[in-house]
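Engineer: I am attaching a structure below and will ask some questions about it afterwards.
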Amino acid sequence: MEAKKTMNTAGDNMLSRIIKTVSSPSLTSLMGGELPPLNFTPSKLPRLKAGRLLLEVDGVQRQWESYIVALVGTDVSNLALYYYKDAADKTPVGAIRLHSASVDLMEEIFCVITQEHTWYLCAESHQEAEEWADKICGTLEAAATGTSLQPLHDSTQNAGSGRRRRLSSHVTAATVKEIQARDGATRVDEFLEVYLRSTEDEIRNQAARGAFSWSCMRSITWRIWLGVLPHDAPLGLWQGLVKEHRDRYEALRTSYALDVKALFDESSTEDGSRASDVAHAILHDVRRTRSSMHYFREEYVQHLLLRVLYVYSQEHPHVSYNQGMGELLAIIVYLLHVEKWPVGASHDGNYIGDDDDSDADDAFDDDSYVHVDMIEVDAALMDTAMLFHSSPFRVHRAKCTPYVLFMACCHPSVVPSACKEAIGALLCTVTDGDWIEHDAYALFEQVMARMAAVYSPQAPTQSPGLATADLSASTTSLHLQLDRIHRHLLVRCDAAIARHLDALHVPPEVYLLRWVRLLLAREFPVYQVWVIWDAIFSLSPADFGFADVLCVAMVLESRADVLAQEDAAGVLGLLKDTTVSCSAKMRSPTLD
Numbered sequence: 001m002e003a004k005k006t007m008n009t010a011g012d013n014m015l016s017r018i019i020k021t022v023s024s025p026s027l028t029s030l031m032g033g034e035l036p037p038l039n040f041t042p043s044k045l046p047r048l049k050a051g052r053l054l055l056e057v058d059g060v061q062r063q064w065e066s067y068i069v070a071l072v073g074t075d076v077s078n079l080a081l082y083y084y085k086d087a088a089d090k091t092p093v094g095a096i097r098l099h100s101a102s103v104d105l106m107e108e109i110f111c112v113i114t115q116e117h118t119w120y121l122c123a124e125s126h127q128e129a130e131e132w133a134d135k136i137c138g139t140l141e142a143a144a145t146g147t148s149l150q151p152l153h154d155s156t157q158n159a160g161s162g163r164r165r166r167l168s169s170h171v172t173a174a175t176v177k178e179i180q181a182r183d184g185a186t187r188v189d190e191f192l193e194v195y196l197r198s199t200e201d202e203i204r205n206q207a208a209r210g211a212f213s214w215s216c217m218r219s220i221t222w223r224i225w226l227g228v229l230p231h232d233a234p235l236g237l238w239q240g241l242v243k244e245h246r247d248r249y250e251a252l253r254t255s256y257a258l259d260v261k262a263l264f265d266e267s268s269t270e271d272g273s274r275a276s277d278v279a280h281a282i283l284h285d286v287r288r289t290r291s292s293m294h295y296f297r298e299e300y301v302q303h304l305l306l307r308v309l310y311v312y313s314q315e316h317p318h319v320s321y322n323q324g325m326g327e328l329l330a331i332i333v334y335l336l337h338v339e340k341w342p343v344g345a346s347h348d349g350n351y352i353g354d355d356d357d358s359d360a361d362d363a364f365d366d367d368s369y370v371h372v373d374m375i376e377v378d379a380a381l382m383d384t385a386m387l388f389h390s391s392p393f394r395v396h397r398a399k400c401t402p403y404v405l406f407m408a409c410c411h412p413s414v415v416p417s418a419c420k421e422a423i424g425a426l427l428c429t430v431t432d433g434d435w436i437e438h439d440a441y442a443l444f445e446q447v448m449a450r451m452a453a454v455y456s457p458q459a460p461t462q463s464p465g466l467a468t469a470d471l472s473a474s475t476t477s478l479h480l481q482l483d484r485i486h487r488h489l490l491v492r493c494d495a496a497i498a499r500h501l502d503a504l505h506v507p508p509e510v511y512l513l514r515w516v517r518l519l520l521a522r523e524f525p526v527y528q529v530w531v532i533w534d535a536i537f538s539l540s541p542a543d544f545g546f547a548d549v550l551c552v553a554m555v556l557e558s559r560a561d562v563l564a565q566e567d568a569a570g571v572l573g574l575l576k577d578t579t580v581s582c583s584a585k586m587r588s589p590t591l592d
């Protein structure tokens, strides 16, 4: 158990460091500008909380520095954390804008995720860090609903109830099990939080900062970002759109019929046809895909993977099948499995049965447990007909008075039961576990629409043949992509390490190809790959270009060690060791 916990902690730390690196100025400069600075005088605003904290500042390799930190402001427009070198100072060293911020708590460290940056602060204890996180969240919630904020000298100190969700990138197998255990009512409330109370920019910002792991709406949000569910499609059309995708896959599966059981029979032989060659190549890889996880050793899951990959190869012959596609599909399939509507849950969200699933660790990790709040919206905005004529992220947000907020907290009937039942019915259909295979194909097809050039060594006009596991094969576009990462992005972020790799004659294909082809799917446990893909899909849904930035972050993660190497073999061995250490965590039985 201790070894398992150590491996998980190491994985969490590496993921956190990658997210921090991506948030650094050198990489954020590749992704756009920053918001204008705050134009308020902190001495003229009420101080809501103050204390000495350690703060990480300046650059990729940051150092902790001690500051007096003060939570200051009157409303969402001027709320900020100002930090001072000494308590007597009247001019702050800097400020952390809190507009649209979220908070992630990890032991005695908490991070404030803003539109501009991700800030890391360290308290003396976990309890103190939790008090800061709760105070910030409560203050933001109070400001958003118009509740007056109480200054530090006011003994009531009730600036907020703490109902604002605390986000977490500290995702573990226990987090996965907690998501699986959420009942229908909790999922309905979360639907309201994500698609009715949040803007798309807010959700994209959470995903980009690695802070969307609290959600069990991830697979639906991916469908929106990748176009399976069009952005402008009213919620009332979702069930019909999902049915169209499922019917299409069912027709394709019938058209490209495959005797899966016979194929799995050890005595079966290839008949020499191209289709048979493809099917056996897929079978060979499917048997090895995530084989350390019990879920992927199940026969029906292997059959599912084989059918989806085979149908895709026949429907898209210019791409056909390449080794690595199964890894991408596995990430999608397991997510759909985890987020499926709970067995026995009624449409109004009341849980009336048990969903016995033991894929996640039996022991819950309190640090990774994510509390999901009950989300209530003003009844005037919750007419069922209006709801289903609205698109996600576009419903007008409630402007609650303190009284309305109190009523919403204390009286669940504020949201009409008919509306909640309608949302429950929608979620039951969209996340129905009986259709995982069909839904996985729809998502996988959209992922491959962006990845086809990475996997197809032939142009679409050429005979596709059987494209198998040749890591040296690449198209011109793939070469251009790898060259861009190495000679443009890496040079802009860290010219020294780029020059060092060139001096040692380390070609970009050697160290980047696996990361690019698999979207880092083999570098982290599956539930952490979801966090990586959140960022890729949210920031670059059209071409997955943000994956290139993440590849640079992976190189910078090992910067000092890479620069210390004196030959290409040492560099490649080092990067391989990084991959092996991550893979070892996936071989741990945390999801068995």
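Using UniProt numbering, the final residue of the sequence shown is 592, and nothing's skipped along the way.
All C-beta atoms, glycine included, are put in the ideal place defined by N, C-alpha and C.
As the structure is a prediction and not an experimental result, all values here were calculated from the model.
Does DSSP classify aspartate 494 as helix, strand or coil?
Structural biologist: coil
Engineer: Note down, in chain order, each residue of its chain lying with its Cβ closer than 7 Å to the Cβ of cysteine 122, except the 5 sequence neighbours on either side.
Structural biologist: Leu53, Leu54, Trp64, Glu108, Ile109
Engineer: May I have the straight-line CA-CA distance separating glycine 94 from tyrosine 84, to the nearest angstrom?
Structural biologist: So the alpha carbons of these two residues sit roughly 7 Å apart.
Engineer: To the nearest angstrom, report how far apart leucine 237 and alanine 547 are at their CA atoms.
Structural biologist: The straight-line gap from Cα to Cα measures roughly 32 Å.
Engineer: Does the structure place the segment 133-143 close enough to the segment 216-234 that three or more beta carbon pairs sit under 8 Å?
Structural biologist: no
Engineer: Looking at the structure shown, is alanine 547 part of a helix, part of a strand, or coil, going by DSSP?
Structural biologist: helix
Engineer: My output table needs one value for tyrosine 84: the three-state DSSP class, helix, strand or coil.
Structural biologist: strand
Engineer: Please identify the residue among Val510, Glu437, Leu427 whose C-alpha is closest to the C-alpha of glycine 184.
Structural biologist: Leu427
Engineer: Using DSSP with H/G/I as helix, E/B as strand and the rest coil, what is glutamine 323?
Structural biologist: coil
Engineer: Evaluate contact between the segment 219-229 and the segment 117-131, counting only Cβ atoms and requiring at least three cross-stretch pairs below 8 Å.
Structural biologist: no
Engineer: Along the beta strand (DSSP E) that carries methionine 118, what are the first and last residues, could you check?
Structural biologist: Residue identity differs from the one stated: residue 118 is threonine in this sequence, not methionine. Here the beta strand (DSSP E) through threonine 118 covers 118-122.
Engineer: Among Asp483, Val69, Glu141, which has the Cα closest to the Cα of lysine 49?
Structural biologist: The shortest CA-to-CA distance from lysine 49 to any of Asp483, Val69, Glu141 is the one to Val69.
Engineer: Going by the beta-carbon positions, is the gap between glycine 210 and alanine 535 smaller than 9 Å?
Structural biologist: yes
Engineer: Could you pull the DSSP bridge partners for methionine 106 from this structure?
Structural biologist: Ile109
Engineer: Go ahead and pull the three-state DSSP assignment for residue 596.
Structural biologist: Outside the displayed range of the chain (1 to 592) lies residue 596, so it cannot be described from this structure.
Engineer: I need the DSSP call for valine 414, collapsed to helix, strand or coil.
Structural biologist: Because valine 414 sits at a pLDDT of 46, beneath the cut-off of 50, its placement in the model cannot be relied upon, and the following sentence gives the value as read from the coordinates. In this structure, valine 414 counts as helix in the three-state DSSP scheme.
Engineer: Please list the terminal residues of the continuous alpha helix (DSSP H) segment that includes alanine 442.
Structural biologist: 436-455
Engineer: Please name the residue, chosen from Leu196, Ser213, Tyr249, Leu140, that lies closest to histidine 438 on a Cα-to-Cα basis.
Structural biologist: Per the Cα distances, Tyr249.
Engineer: Quick check on DSSP: helix, strand or coil for valine 506?
Structural biologist: coil
Engineer: By the DSSP assignment, the alpha helix (DSSP H) with residue 593 in it spans what residues?
Structural biologist: Outside the shown range of the chain, which is 1 to 592, sits residue 593, and nothing can be said about it.
Engineer: Give me the residue from His99, Val57, Leu518 with the minimum Cα distance to tryptophan 119.
Structural biologist: Val57
Engineer: For my contact list, leucine 252 and valine 311 are in at a C-beta cut-off of 8 Å; report their separation, rounded to the angstrom.
Structural biologist: With 8 Å as the limit, leucine 252 and valine 311 qualify as a contact, their Cβ atoms being about 5 Å apart.
Engineer: Under the DSSP definition of a beta bridge, which residues are partnered with valine 76?
Structural biologist: Partner(s): none; valine 76 has no beta bridge.
Engineer: Is the segment 517-527 touching the segment 419-436 in the sense that three or more CB pairs, one from each, lie closer than 8 Å?
Structural biologist: no
Engineer: Who are isoleucine 68's beta bridge partners in DSSP?
Structural biologist: Arg52, Tyr84
Engineer: Under the rule that 16 or more other beta-carbon atoms within 10 Å means buried, what is isoleucine 18, buried or exposed?
Structural biologist: buried
Engineer: In the DSSP assignment, find the alpha helix (DSSP H) that holds arginine 248 and state where it starts and stops.
Structural biologist: 238-255
Engineer: Is arginine 218 closer than 9 Å to leucine 328 when the C-beta atoms are compared?
Structural biologist: no
Engineer: Taking the alpha-carbon of leucine 304 as reference, which of Pro507, Val516, Ser215, Lys261 has the nearest alpha-carbon?
Structural biologist: Lys261
Engineer: Return helix, strand or coil for valine 93, following the three-state DSSP convention.
Structural biologist: coil
Engineer: Can you tell me where the alpha helix (DSSP H) holding histidine 318 begins and where it ends?
Structural biologist: Where histidine 318 is concerned, there is no enclosing alpha helix (DSSP H), given that its DSSP letter is neither H nor E.
Engineer: Near methionine 448, which residues of its chain fall below 8 Å by C-beta distance, leaving aside the five closest residues on each side in sequence?
Structural biologist: Tyr312, His316, Val319, Met325, Leu328, Tyr455.
Engineer: Considering only the alpha carbon of each residue, which of Ser213, Lys177, Gln565, Phe544 lies closest to leucine 504?
Structural biologist: Gln565
Engineer: Using three-state DSSP, classify glutamine 127 as helix, strand or coil.
Structural biologist: helix
Engineer: Could you check how far apart the C-beta atoms of cysteine 216 and arginine 187 are, in whole angstroms? I think they sit under 8 Å.
Structural biologist: 6 Å
Engineer: Taking the beta carbon of methionine 386 as the centre, do at least 16 other beta carbons fall within 10 Å, making it buried, or is it exposed?
Structural biologist: exposed
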